[in-house]
Structure formats: C-alpha cells, structure tokens
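A short write-up of the structure that comes next.
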Amino acid sequence: MLNLARWKVIACTAALLFGLVFTLPNVLPKSVMDQMPAWVPSQKLNLGLDLQGGSYLLLEVDTDALKRERLANLLEDVRGTLRTEQIVFTGLGQVNGVVTVRVTDPTQVEAARKALSLLGQPLAGAPGGRDMTLQVLGDQTIELSLVQEALNAEGAKAVEQSIEIIRRRIDALGTREPTIIRQGTNRIVVQAPGESDPERLKKVIGQTAKLTFQMVDDSVSLQDAAAGRIPPGSELLPSEEPSEPVQLVKRRAVVSGEMLTDARLAFDETGQPVVSFRFNGQGARRFGDATADNTGKRFAIVLDGKIISAPRINEPIRGGSGQISGNFTEASANELAVLLRAGALPAPLKVEEQRTVGAELGADAVQAGQFSTFLGASLILTFIVLAYGLFGGFAAAALVVNGLLIVALMSVTQATLTLPGIAGLILTLAVAVDANVLIYERMRDEVRAGRTPIAAADAGYSKAMTTIIDANVTTILAALIMFQFGSGPVRGFAWTLSIGVITSVFTSVLITQVLIAWWFRLVRPKKLPIV
Amino acid sequence: MFWPFIKLLPAKTNLDFVGFARAAAALSIIAVLATAVGLYKPGLNFGIDFKGGTVLELNTGEKPVNLSTVRSTLGQLNLGDVQVQAFGAPNDALIRFQTPEGSDPAQTVDRVKTALNAAIGPVTYSRTEVVGPKVSGELFRNGITALGVAIGLMLLYIWFRFELQFGLGAVVALFHDVILTFGLIVLLRLEFTLTMIAAILTIIGYSMNDTVVVFDRLRENLRKYKKMPLREVIDLSINETLSRTIITGVTAILALSGLAFFGGEALRGFSIAMIFGIIIGTYSSVYVASPIILLWGVKRNDEAEPIATVLKG
Chain A
1 MLNLARWKVI ACTAALLFGL VFTLPNVLPK SVMDQMPAWV PSQKLNLGLD LQGGSYLLLE
61 VDTDALKRER LANLLEDVRG TLRTEQIVFT GLGQVNGVVT VRVTDPTQVE AARKALSLLG
121 QPLAGAPGGR DMTLQVLGDQ TIELSLVQEA LNAEGAKAVE QSIEIIRRRI DALGTREPTI
181 IRQGTNRIVV QAPGESDPER LKKVIGQTAK LTFQMVDDSV SLQDAAAGRI PPGSELLPSE
241 EPSEPVQLVK RRAVVSGEML TDARLAFDET GQPVVSFRFN GQGARRFGDA TADNTGKRFA
301 IVLDGKIISA PRINEPIRGG SGQISGNFTE ASANELAVLL RAGALPAPLK VEEQRTVGAE
361 LGADAVQAGQ FSTFLGASLI LTFIVLAYGL FGGFAAAALV VNGLLIVALM SVTQATLTLP
421 GIAGLILTLA VAVDANVLIY ERMRDEVRAG RTPIAAADAG YSKAMTTIID ANVTTILAAL
481 IMFQFGSGPV RGFAWTLSIG VITSVFTSVL ITQVLIAWWF RLVRPKKLPI V
Chain B
1001 MFWPFIKLLP AKTNLDFVGF ARAAAALSII AVLATAVGLY KPGLNFGIDF KGGTVLELNT
1061 GEKPVNLSTV RSTLGQLNLG DVQVQAFGAP NDALIRFQTP EGSDPAQTVD RVKTALNAAI
1121 GPVTYSRTEV VGPKVSGELF RNGITALGVA IGLMLLYIWF RFELQFGLGA VVALFHDVIL
1181 TFGLIVLLRL EFTLTMIAAI LTIIGYSMND TVVVFDRLRE NLRKYKKMPL REVIDLSINE
1241 TLSRTIITGV TAILALSGLA FFGGEALRGF SIAMIFGIII GTYSSVYVAS PIILLWGVKR
1301 NDEAEPIATV LKG
C-alpha cells in the first residue's frame, strides 16, 4: 500500500481530467460554450429519439411488387413480340411467377422461341447470363421465368435508389440531421429527430410519386367503359376531379416523371396554387409531339394511379414546361413539387414500424431520468458512507469520478443515451459500489485472519480482483447479447451498461487504492476504520 | 459508536443456510409451477413490440379528454379490440388497438388520427408507436433467442472459470430467476415489451454476478479446507460473503427505487422487474445455486494450485 506505483496516480489524474473536460459541455450553458475556443470539446450527450423527441420509421421496400411489375411487363412484351412476328398464340398468362404461352401452329414454335429469347436483358456480373430463362415444353407451350439473381440485384438497386430518394425528400422538408440507413436486404430505417408531424413525414416518404401523362381515351363513352367495354390498351382510373370520378385513359404514358428536371410551387392567373414543371430534352420533344398530334383532345396527369387533372390541349406545347393545376392548397402543391423533384420511388414502401415521441414527452422523460439518477446516486453515496465510514467516502469519491467518466465517454463516442440507458447508468453505479464492497469485505476478512492493516489492505485489493473480474465479465456478456439482438433503445441500454462496467472497475479499484494509500502515508493508522 | 454501520453486522455469522435448502427448494418449486400456470393462463400481457398493433398517447390541451367519445369514435372504425384509458393528467389518454387483419398499419393510424381530430377537436399526439405483424414476430424471436444465448453463454463462462457442476448450479439458478421474473410480470400484469427483455438480461447479469461471488469463495474454501465436508464448506462460504451480499443488494435496490418511483410511466415496470430480479438473484445464489452443487458434488482433490502458492504469488 505504501509504495504506490506512479502510473496509478497518473492514470487516476488523467481519468479525472478527462472526465471533467468532456462532461463540461453537458453542464455549461450554451452561451458560455459558444465563447470557448474551438479546441475545447463541445460534444454533448447524444440523446435517443425517446428522450429528445422524433420519429423512427422502419420501411420495407416492397420487392414483391417490383417482381409483379416485371412479370406484367414481360407478359406485355411477349404479347407485343409475338404479334410483330405474326405468330398465332393462345393462353398467354402468368401463374406463380412464370409466364406461359401456347403457340398454336407447331411449325412456329422455333420462331417464337427465337424471338422471345431476345426479350431477356444481359445479367450484370455474369457474362453470357440473362435475367430470364425460357423453356419449350412438349405441347408447344413456352415458359418464361425471371432469374432469381436478376430479381435480387434489381431489388438491391431499388433499395439503394429508395434511400437516395428518401434522403432528397427529407432534406427538402428541412428536417434536421435525419439518419437513413439500410437494414437487412430490403429494409430502410429513417430516424428524424424533432419532426413534429410524423404523419407528414410518413406521407412524404411513403408516397411512390410516380407521375405520368396519358392521353384520355374518348373512343368509348364512360358508361360503356364502366360496363366493362374497355378498349384494349386503355384503362379506367379514379380521378380527383369532382365532375368525373373516373376517366378512361390510354395505358401507354406519353411522358413520365423521370423526364422532369424541375418542379416548383407556382400560382396561376387566378391565384390558385399550381405545380410548374420543366421537362428534359427527351420529355420536351415527346410532350411537344404528342400535344401537336392531339390538339383539341385531353390528356390526364396521373399520380400513383390517380388522375390529378385532365386538361384539354388548346395548342401544341413546345417549350418543355407547363403547369399542373388541380385541387391544391399551397402546402399540398409544394409537397407534390418536392416529391416530383426528388423522383419516384422504384417500388412501393411499407411502414413496418413507427415510433414517434413528441419533444415535450421526451423532455419530461429527461427530467424524470435526471431526477431519478440524482436521487439514486445520492442514496448510494449516503449509504456507502454510512456503511463504511471513511473508506465509504473514498468509494463515494470514486463513484463520482465514475459518473463523470461515463458521461464523458458517452459524449465523446456520441453513443445514444436512451431512456432504458438511464436505468443502465443507475444500475452501473450500484455495480461499481459492489467492487468496493468486495474489496472492503476482503480487507475485513484479512484483518480477522490476523494481518496488519497494511497487509490486509493490500490483500483486499489483490484477492478481490479475480472475483471482481469474474463478476463483471458476466455483465459484459449480457450487454453484448443485448447489443447483438436488441434494437434501438435496448442497444442504447447495452452500450451504457458496457461503458459503465469498464469505468466502474477502473475507478473503484484504482481511485480508492490511491486514496487509501495516501491516507496510510498521512495517518499511519493502527487499525482499519471498517473493522 | 454505531458508525460506520458495517460494524453492526456480526463479523462472523454462522447461519445454517444449507439446512434451510430443502424448505427453500419446495418454495422455489411451488413458485416456478405457479409461474408456469400463470404463463399458460392468463399469460403474458404482451406489448405491441411483440404482438403488433398501435399505441397512441394523446393530449387535448386545456380541456379534459372525453374518454367515452374517444371510445365511440374508435368503435365506428372497425378496429376490433380497442383499449382507451386515462393516463396521467385528465387531458391525456392512452389508446391501444390491433391493426385489423389485412389492412396497412400505418394507414390505419392515419385513419384513427383523422377521426379523432374530427370528433374531439385539436389533439396532439405525444407518442405514436406502430409495429407491423412482421416486425413484432421478429422482435419476439430475437428477444427469446437473446435470453437463450445469454443463459448458454453464462453456462460456458462458469464452466470455463470454475467446474461443470458450478456451471450447472449457476444455470439452474438463472432459469429460476428468469422464470420467477416472468412470474412477477404475469402477477402484476406488467407489459411485456422489449425493455422488459433488457431488464431480464440485466437480471441474468446481476444474478450471475452474485452467484460468481459466492462460488469464488466456495472454490477458495474448497482448496483451503480440504477435509471439511462439502456441506459445511458451502455454509461457510455463504456466511463469509453474507455482508457483501446484503450491502450490494441494498445499494442496487436503493439505486433503482428512485427510478421506480420517479422515473415515469415508461420505466416503472422495467425498474420493478429489476428490483425483484435483484432480490430473487440474491436468494437464488444462496438457496438454489449452492445447494445444487451439494446435490451434484464436486471433485475435491482437483488440480488447482494450493492456496499457499497463491498467497506467495
């Protein structure tokens, strides 16, 4: 005890300084922090969404929808190809992800196989591979199916694109510091602190925003169409225009959202909010040609399968720009402009999990957590001093340093402090005391075994060490498991617990040792105060 | 002179812990069986983390919430099982419902919020939690796996650090603690959520911590008193570590009681479960883990180094 290694004193002083310096930003008011020079650490505790308020969304990219869409396109391609090749066929359809078609004339089967095999796209990363397989069955039936790797690659690409688009959309909303990360194969986690209106956030993220311009088909009356007489190549779509709840439009899109280069909120002559847009070169040319060919007819502006408006073409629109008018408020027109600028999602997104905490509730939780932590800590400090007297005081001092270190480490690593994390913090303080209890009880044993105070104190530390390590490894193991299997708040808890266990062992062993050694030198006691 | 208090604890206790082991075992077995029955019926009160669904916490500002209006409004939405309850202040309410089969959970929430805004005026939502059926299934599986892996790892660790018998004793004690904590959760109708899993994992950590301290002393005493009957060595070890057990237990409970009383609604169940776990973890180190070692027996003439060399080293 008397020959105290120098490194122990240095380590304790360094830990104390580190704890003080890096805890300060959490205590000092902002005005003081702002005046500090730049090298002074300024990172505060990183509060989880449950403490600062905000939204957590777990989204799943609907890759099945992507597959369905690919199959539907494949089906249409097969129909188109066979027609161009003038091959007669029956029974075109798809079952369980396989498109089948039967060629009527046996002599045309080979021609059909050749033509259809050209439909596949080369598979990226596999030379000679195609994203589609084709099989001719005995009864002149041809089966086409999509290759799983191709679908997976497409799904992965869709997830990447979705993340990019979500980021653009959220940035446009002005949400501060959103975190958008991929989880697993087809999931995306969005964390937006402080977003007060989760429903708006969900709407902005979740809307596919697929925009198309399609010609209105007026070859059949709406009554006939509603009765089921829909011309091939056309479809009935719901409309937001109150005068016409449904509208018959051509399936083929003249232009689509990808060809937009810009979209903004604007106002028309009557002061109504509209969305003004601009096409790229290709879009402008196509739109110009289509409006020139169809002057006097109407086209429909379709968003996610719903007609926003169906204006009449008064004259060819050549400039490549135009307006979408509809039943807009200023906010909804702006929102649509944001969505159009960011682009359409490649596949629909489903919200699988949502957790939103209002900022006020978060602040309440912080307050309750702070109060409980201070209360818990004071109770521990009082109890340990009552129980062990002077040595208890040493343990209490170590505990205070421990608290500082935990807050400092959490601030430096920017680990997220969650509500359960606060509970972890409190429990850590109790476990920290346990190390000291083990040491002191050991000292008492050694004194009873007839050792001198100094020998007993030394033996207390050396013998209790194995037990302390063994006992704390179990807690670390439990925390590791929580980290592996838990999500969000539970991980925060595990992280706090792990940091706490490590700092606890450090402070309760080293700091008390240094203090007790000093006390020995100063007082030269005849007996330990805990016996 | 009563201070420091530690002097009040008798320096050397000689309680016959093993003698009570039989009675304690009976008590434990009854409690475990009762828990098994309780888990079957009425069963755990699953939170939305594990069964999916929605929780809304709403605030109506100045005026109090009219709970019956809320109920009747929600009743018209065909949501199935809806719970509406007062929560904290009179202008707060808590709503829970299951998403009806086949409908989109996120859209259902929008529908509910729109209907409530129309019925009871401007409402702010301080908390919205929606968990889809897919995610809740995964969370549940992950939670149970975590518990299983935790217990398995503890067994391996104790086996590695001590002996297999010690490991088995520790694991039986762990199962005992985990099962009885489930019993408490069922008994108090606490909501079984993700944070509850975290609480149980922490209890596992604490209970092991406690068991390890007793085992450590037991191992040491087994080497020290080679001729003493196992039963007496066990009693001696428990007695020797008794004051530490009491002080650490009291500290942990003191620390958590602040949280249980003032930590707010969200952490109450969590801290109650942890406090219970600490008590039961302490009990099990004494009355479950150690007697099981007595039951199985240990190798006495082991290859461990004699205590004398440890002292010199």
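Top to bottom, those sequences are chains A and B.
Mapping of the first sequence onto this note's numbering: position 486 corresponds to residue 486, and the numbering continues sequentially without gaps.
Mapping of the second sequence onto this note's numbering: position 261 corresponds to residue 1261, and the numbering continues sequentially without gaps.
All residues carry an ideal CB built from backbone N, CA and C; glycine is no exception.
Mind listing, in chain order, the continuous beta strand (DSSP E) runs of no fewer than 3 residues lying wholly within the stretch 1080-1152 of chain B? 1082-1086, 1092-1097 and 1124-1131
Can you tell me whether DSSP reads Tyr1225 (chain B) as helix, strand or coil? Counting from one through the second sequence, the residue named residue 1225 (chain B) turns up at place 225. Coil, per DSSP.
Pick helix, strand or coil for Lys1312 (chain B), following the three-state DSSP scheme. Taking the second sequence and counting its residues from 1, the one referred to as residue 1312 (chain B) is at position 312. Since pLDDT at Lys1312 (chain B) reaches only 42, below the 50 mark, its modelled position is unreliable, and no value is offered.
Straight-line Cα distance separating Ile426 (chain A) from Thr1248 (chain B): Taking the first residue of the second sequence as position 1, residue 1248 (chain B) is located at position 248. Taking the first residue of the first sequence as position 1, residue 426 (chain A) is located at position 426. Roughly 14 Å separates the two Cα atoms.
Please compile the residues from chain A whose C-beta is within a distance smaller than 7 Å of the C-beta of Ala1093 (chain B). As a first step, residue 1093 (chain B) must be located in the second sequence, where it is residue number 93. Here the premise fails: no neighbours, minimum Cβ distance about 14 Å.
Skipping 5 residues on each side, what residues in its chain have a beta carbon closer than 6 Å to that of Ile963 (chain B)? As shown, chain B starts at 1001 and ends at 1313. That puts residue 963 (chain B) outside it, with no answer to give.
Give the range of the alpha helix (DSSP H) segment to which Pro420 (chain A) is assigned. Looking up residue 420 (chain A) in the first sequence gives position 420. Where Pro420 (chain A) is concerned, the enclosing alpha helix (DSSP H) stretches over Leu419 to Arg448.
Contact belief for Gly303 (chain A) with Ala158 (chain A) at Cβ below 8 Å, rounded distance in angstroms: Within the first sequence, numbered from 1, the residue matching residue 303 (chain A) stands at position 303. Within the first sequence, numbered from 1, the residue matching residue 158 (chain A) stands at position 158. Gly is not the amino acid found at residue 303 (chain A); the sequence shown has Leu there. Between Ala158 (chain A) and Leu303 (chain A) the Cβ distance is about 20 Å, and since that is not below 8 Å, they are no contact.
Going by CA-CA distance only, name the one from B:Asp1081, B:Glu1240 and B:Pro1122 that's closest to Leu1009 (chain B). Position 9 of the second sequence, counted from the first residue, corresponds to residue 1009 (chain B). Here the closest residue by C-alpha is B:Glu1240.
Judging by CA-CA distance, which residue of B:Ala1026, B:Phe1162, B:Gln1165 and B:Ala1036 is the nearest neighbour of Phe1187 (chain B)? Looking up residue 1187 (chain B) in the second sequence gives position 187. Phe is not the amino acid found at residue 1187 (chain B); the sequence shown has Leu there. Nearest C-alpha to Leu1187 (chain B): B:Ala1036.
Counting along the chain, where does the beta strand (DSSP E) carrying Phe277 (chain A) start and finish? As a working mapping, residue 277 (chain A) is identified with position 277 in the first sequence. Segment Pro273 to Phe279, the beta strand (DSSP E) holding Phe277 (chain A).
Neighbour flag for Ala398 (chain A) against chain B, beta carbons, 8 Å: Sequence index remark: in the first sequence, residue 398 (chain A) carries index 398 (1-based). So, not an interface residue.
Between which two residues does the beta strand (DSSP E) carrying Met215 (chain A) extend? Within the first sequence, numbered from 1, the residue matching residue 215 (chain A) stands at position 215. For Met215 (chain A), the enclosing beta strand (DSSP E) starts and ends at Leu211 to Val216.
Is there contact here, the stretch 1144-1157 of chain B with the stretch 472-483 of chain A, by at least three beta-carbon pairs under 8 Å? yes
Run through the stretch 163-191 of chain A for me and flag every whole beta strand (DSSP E) of 3 or more residues, listed as ranges in chain order. 179-183
For Lys210 (chain A), would you say it is in contact with chain B, using Cβ-to-Cβ distances shorter than 8 Å as the test? The sequence position of residue 210 (chain A) within the first sequence is 210, counting from 1. Output row for Lys210 (chain A): interface = no.
Whose Cβ in chain A lies nearer than 7 Å to the Cβ of Ile1247 (chain B)? Taking the first residue of the second sequence as position 1, residue 1247 (chain B) is located at position 247. Those within 7 Å of Ile1247 (chain B) in chain A are Ala387 and Val437.
How would you call Ala382 (chain A), buried or exposed, if buried means at least 16 neighbouring beta carbons within 10 angstroms? For this step, residue 382 (chain A) is matched to residue 382 along the first sequence. Here the sequence assigns Thr to residue 382 (chain A), which means Ala is not the residue at that position. Exposed, because fewer than 16 other Cβ atoms sit within 10 Å of the Cβ of Thr382 (chain A).
Three-state secondary structure assigned by DSSP to Pro193 (chain A): Mapped onto the first sequence, residue 193 (chain A) falls at position 193. Pro193 (chain A): strand per DSSP, three-state reduction.
Step through the CB atoms of chain B and report whether any lies within less than 8 Å of the CB of Thr474 (chain A). To locate residue 474 (chain A), count along the first sequence from 1; it is residue 474. Yes, its Cβ sits closer than 8 Å to a Cβ of chain B.
Which partner residues of Gln35 (chain A) appear in the DSSP bridge assignment? Residue mapping note: residue 35 (chain A) aligns to position 35 of the first sequence, counting from 1. According to DSSP, which records beta bridges pairwise, Gln35 (chain A) is partnered with nothing at all.
Please name the residue or residues paired with Val1196 (chain B) in a DSSP beta bridge. Along the second sequence, one-based indexing puts residue 1196 (chain B) at 196. Here residue 1196 (chain B) is Met; the residue named in the question, Val, does not match the sequence. Met1196 (chain B) is not bridged to any residue.
From A:Ala342, A:Leu375 and A:Ala333, pick the residue whose C-alpha is nearest to that of Ile1253 (chain B); which is it? Position 253 of the second sequence, counted from the first residue, corresponds to residue 1253 (chain B). If you compare the alpha carbons of A:Ala342, A:Leu375 and A:Ala333 with that of Ile1253 (chain B), the shortest gap goes to A:Leu375.
Using a Cβ-Cβ cut-off of 8 Å, state whether Lys202 (chain A) counts as contacting chain B. Taking the first sequence and counting its residues from 1, one reaches residue 202 (chain A) at position 202. It does: the Cβ of Lys202 (chain A) has a partner Cβ on chain B nearer than 8 Å.
In the DSSP assignment, find the unbroken beta strand (DSSP E) run with Glu1265 (chain B) in it and report its ends. Sequence index remark: in the second sequence, residue 1265 (chain B) carries index 265 (1-based). Counting along the chain, Glu1265 (chain B) falls outside any beta strand (DSSP E), though it belongs to the alpha helix (DSSP H) covering Glu1265 to Ser1284.
Going residue by residue through the stretch 1019-1064 of chain B, where are the continuous beta strand (DSSP E) segments of at least 3 residues, counting only ones entirely within it? 1053-1059
Does the beta carbon of Gly1132 (chain B) come closer than 8 Å to any beta carbon on chain A? Here residue 1132 (chain B) refers to the residue found at position 132 when the second sequence is read from its first residue. Closer than 8 Å: yes.
Candidates A:Arg83, A:Leu74, A:Thr104 and A:Gln148: closest to Gly120 (chain A) by CA position: What you label residue 120 (chain A) is simply residue 120 of the first sequence in a count that begins at 1. Residue A:Leu74 is the option with its Cα nearest to Gly120 (chain A).
Could you pull out every residue in the same chain whose Cβ sits closer than 6 Å to the Cβ of Ala342 (chain A), ignoring the five residues on either side in sequence? In the first sequence, residue 342 (chain A) corresponds to position 342, counting from 1. Closer than 6 Å at the Cβ level, and outside the excluded window around Ala342 (chain A), lie Ile165, Arg168 and Arg169.
In the DSSP assignment, find the beta strand (DSSP E) that holds Asp262 (chain A) and state where it starts and stops. Stepping through the first sequence from its first residue, residue 262 (chain A) is reached at position 262. First-last of the beta strand (DSSP E) with Asp262 (chain A): Leu260 to Phe267.
Three-way DSSP call (helix, strand, coil) for Glu352 (chain A) in this model: In the first sequence, the residue the question calls residue 352 (chain A) occupies position 352. Glu352 (chain A): strand per DSSP, three-state reduction.
Ranges of the beta strand (DSSP E) found wholly within the stretch 41-84 of chain A, counting only runs of at least 3: For the stretch 41-84 of chain A, whole beta strand (DSSP E) runs of length 3 or above, ordered along the chain, are 54-61.
Contact check, Val61 (chain A) vs Leu339 (chain A) under 8 Å by CB: the rounded distance? Residue mapping note: residue 61 (chain A) aligns to position 61 of the first sequence, counting from 1. Residue mapping note: residue 339 (chain A) aligns to position 339 of the first sequence, counting from 1. That pair is no contact at about 17 Å.
Select from the stretch 1226-1250 of chain B all residues with a C-beta closer than 8 Å to any C-beta belonging to chain A, and list them in chain order. Cβ contacts with chain A: Glu1240, Thr1241, Ser1243, Arg1244, Ile1247, Thr1248 and Val1250.
Determine the direct distance from the alpha carbon of Gln183 (chain A) to that of Thr23 (chain A), and round the result to whole angstroms. For the purposes of this step, residue 23 (chain A) is taken as residue 23 along the first sequence, with counting starting at 1. For the purposes of this step, residue 183 (chain A) is taken as residue 183 along the first sequence, with counting starting at 1. Cα-Cα distance, rounded: 33 Å.
Okay, do the stretch 278-295 of chain A and the stretch 317-332 of chain A touch, 3+ Cβ pairs below 8 Å being the bar? yes
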